[in-house]
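Trainee:
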Amino acid sequence: MSAFFISAQPNYGSLKPVPHHFSTLEREVELEGVGLHCGQQIRLRLLPSDKVGVTFVRTDLEGHPEVDADVAQVSTTVHATTIECGTARVSTIEHLLAALWVSDYTHVRVELNGPEVPILDGSSQGWIELLSQAGRRQLEGIRPIAHLQAPVWVESKGTQMFGLPLPTPSENIKTEFRLSVGVDFDAPGAKAQTFDGLVTARSFADELAAARTFTLEAWLAPLRGAGLIKGGSLENAILIGTDGTPSSPLRFENELARHKALDCVGDLALAICAQGARFHGHIIAIRAGHGAHRDWVSQALANNALIMRAGDYSCDE
Numbered sequence: 000m001s002a003f004f005i006s007a008q009p010n011y012g013s014l015k016p017v018p019h020h021f022s023t024l025e026r027e028v029e030l031e032g033v034g035l036h037c038g039q040q041i042r043l044r045l046l047p048s049d050k051v052g053v054t055f056v057r058t059d060l061e062g063h064p065e066v067d068a069d070v071a072q073v074s075t076t077v078h079a080t081t082i083e084c085g086t087a088r089v090s091t092i093e094h095l096l097a098a099l100w101v102s103d104y105t106h107v108r109v110e111l112n113g114p115e116v117p118i119l120d121g122s123s124q125g126w127i128e129l130l131s132q133a134g135r136r137q138l139e140g141i142r143p144i145a146h147l148q149a150p151v152w153v154e155s156k157g158t159q160m161f162g163l164p165l166p167t168p169s170e171n172i173k174t175e176f177r178l179s180v181g182v183d184f185d186a187p188g189a190k191a192q193t194f195d196g197l198v199t200a201r202s203f204a205d206e207l208a209a210a211r212t213f214t215l216e217a218w219l220a221p222l223r224g225a226g227l228i229k230g231g232s233l234e235n236a237i238l239i240g241t242d243g244t245p246s247s248p249l250r251f252e253n254e255l256a257r258h259k260a261l262d263c264v265g266d267l268a269l270a271i272c273a274q275g276a277r278f279h280g281h282i283i284a285i286r287a288g289h290g291a292h293r294d295w296v297s298q299a300l301a302n303n304a305l306i307m308r309a310g311d312y313s314c315d316e
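Take the sequence shown: its letters are residues 0 to 316, numbered as in my numbering.
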C-alpha cells in the first residue's frame with residue numbers, strides 16, 4: 000500500500016490550543032441541514048450541559064427521548080453510525096462526535112428535530128466552525144486518559160483494525176493518539192491511500208475536519224435501492240466517476256483516507272466520551288468502516304484493555 004506525502008497543508012482550523020479540562024459550550028448554537036440518508040431538513044442545536052458525555056435529544060418525538068453517545072447504544076453501522084435507546088434513534092453521529100471529542104467538549108446536549116445529524120458538506124468542518132461560535136466554559140476537573148494497555152485486534156471480510164499500546168503517560172511521556180489509516184477500493188480514483196498522524200484538536204482541524212464523505216458511481220444504485228442517500232448530492236459528497244474523476248476538486252490528495260480517519264475518530268469516541276476521557280494509544284485501521292470501528296471498541300472494552308488514568312499529560316497541539 001503506497002503512502003502519500005503532502006508537503007503543504009491548507010489550514011482549515013480556527014481552534015486555539017486549550018488545557019484538557021472538562022468543558023462545555025459557553026452559549027448554545029444551532030444550524031439546519033439535510034440528513035444524508037433520511038433526506039429530511041433537520042434543525043440541530045448544541046447546548047451546554049452539566050452531564051458528562053454527549054446526549055442526543057429527539058425534540059420531534061413525544062417526551063423528547065434521549066440517547067447517550069456510547070458504544071452500548073449502537074444499533075447499526077450500515078453506511079453510518081446509529082445509536083438508539085427506546086424511541087430515541089439518531090443516525091450519522093460520527094462527524095459531529097469527532098469534532099466535539101477532539102476539541103475537548105466533554106459535556107454537551109444535542110437537540111434535533113429528526114432522526115439524523117445533518118451531513119453539512121460531508122465533513123466535520125461545519126461543526127468545527129459552529130463550535131468556534133459556541134465558545135467554551137471550563138468545568139471542574141481534568142479529563143481522564145483512557146490508556147490502551149494491551150494490543151487489541153479485530154479482522155473481518157478483508158478489514159483489519161489494530162490497537163497498539165504506547166508507553167504510559169507521565170511528566171516525560173506525553174499523551175498521544177496516533178492514527179494510521181489505509182484504504183483501497185480497487186477502482187479508478189479510489190485506489191490505495193493512507194493517512195498517518197497524531198490526532199489533536201489542532202491537527203484534526205487542519206488535517207482531517209475538511210475531508211468529505213465520498214461514494215463511487217457504481218455504488219449509487221445499490222445505496223438508493225436500500226433506501227439510503229435520499230439527501231445525498233454533489234454538495235455533500237465526492238462522487239468518484241467510473242473513469243476515476245471526482246465530482247469536485249479534492250481538498251487533499253488523500254482525501255478518501257483522511258475522511259475514513261475522521262470517521263474512525265468519531266466512532267472511537269463512543270468508547271470513552273461518556274467519561275469525558277482522552278485516548279492514549281495507536282490505532283491502525285485497514286479498509287475499516289463503521290462496523291469494524293464498533294467491533295474494535297467492543298473488543299477493547301470486553302478485554303478490559305482500556306485503563307482510565309488521571310490527566311493531564313498534555314500533548315503538543
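Glycine is no exception: its CB is placed at the ideal position from the N, C-alpha and C atoms.
Specify the secondary structure class of residue 116 as computed by DSSP and reduced to three states.
Mentor: On the sequence shown, position 117 is the one that residue 116 refers to. Coil, per DSSP.
Trainee: Would you tell me roughly how many angstroms separate the C-alpha atoms of residue 136 and residue 102, rounded to the nearest one?
Mentor: Taking the sequence shown and counting its residues from 1, the one referred to as residue 136 is at position 137. Taking the sequence shown and counting its residues from 1, the one referred to as residue 102 is at position 103. Distance between the alpha carbons of residue 136 and residue 102 is about 13 Å.
Trainee: Are there three or more Cβ pairs, one per stretch, closer than 8 Å when the segment 125 to 142 is compared with the segment 52 to 64?
Mentor: Taking 8 Å as the limit for Cβ pairs, the verdict is that the segment 52 to 64 does not touch the segment 125 to 142.
Trainee: Quick check: what's the CA-CA separation for residue 123 versus residue 210?
Mentor: In the sequence shown, counting from the first residue as 1, residue 123 sits at position 124. In the sequence shown, counting from the first residue as 1, residue 210 sits at position 211. About 8 Å.
Trainee: Mind checking residue 40: buried by the 16 CB within 10 Å criterion, or exposed?
Mentor: For the purposes of this step, residue 40 is taken as the residue at position 41 of the sequence shown. Answer is exposed; the Cβ neighbour count stays below 16.
Trainee: If you follow the alpha helix (DSSP H) that residue 124 is part of, which residue opens it and which one closes it?
Mentor: Mapped onto the sequence shown, residue 124 falls at position 125. Run containing residue 124: 124 to 133, per the alpha helix (DSSP H) assignment.
Trainee: Count the other CB atoms within 10 Å of the CB of residue 235; is the residue buried (16 or more) or exposed (fewer)?
Mentor: Mapped onto the sequence shown, residue 235 falls at position 236. Classification of residue 235: buried, given that the 10 Å Cβ count is 16 or more.
Trainee: Might you give, ordered along the chain, the residues of its own chain that have their beta carbon closer than 8 Å to the beta carbon of residue 120, omitting 5 neighbours on each side?
Mentor: Counting from one through the sequence shown, the residue named residue 120 turns up at place 121. Answer for residue 120: 211, 234 and 235, listed in chain order.
Trainee: Could you tell me if residue 187 is buried or exposed, where buried requires 16 or more neighbouring beta carbons within 10 angstroms of its beta carbon?
Mentor: Numbered from 1 along the sequence shown, position 188 holds the residue referred to as residue 187. Exposed, since its Cβ has fewer than 16 Cβ neighbours within 10 Å.
Trainee: When you compare the segment 23 to 33 with the segment 86 to 97, are there three or more beta-carbon pairs, one atom per stretch, that lie closer than 8 Å?
Mentor: The answer is no - the segment 86 to 97 does not touch the segment 23 to 33, with fewer than three Cβ pairs under 8 Å.
Trainee: Quick check: the segment 265 to 281 against the segment 221 to 240, are at least 3 beta-carbon pairs closer than 8 Å?
Mentor: Judged by Cβ distances under 8 Å, the segment 221 to 240 makes no contact with the segment 265 to 281, as fewer than three pairs qualify.
Trainee: Can you grab the Cα-Cα spacing for the pair residue 71 / residue 153, in whole Å?
Mentor: Sequence index remark: in the sequence shown, residue 71 carries index 72 (1-based). Sequence index remark: in the sequence shown, residue 153 carries index 154 (1-based). So the two alpha carbons sit approximately 18 Å from each other.
Trainee: Our contact map puts residue 289 next to residue 80 with C-beta atoms below 8 Å; I'd like the distance itself, whole angstroms only.
Mentor: As a first step, residue 289 is located in the sequence shown; it is residue number 290 there, counting from the start. As a first step, residue 80 is located in the sequence shown; it is residue number 81 there, counting from the start. Residue 289 to residue 80, Cβ: 5 Å. Contact.
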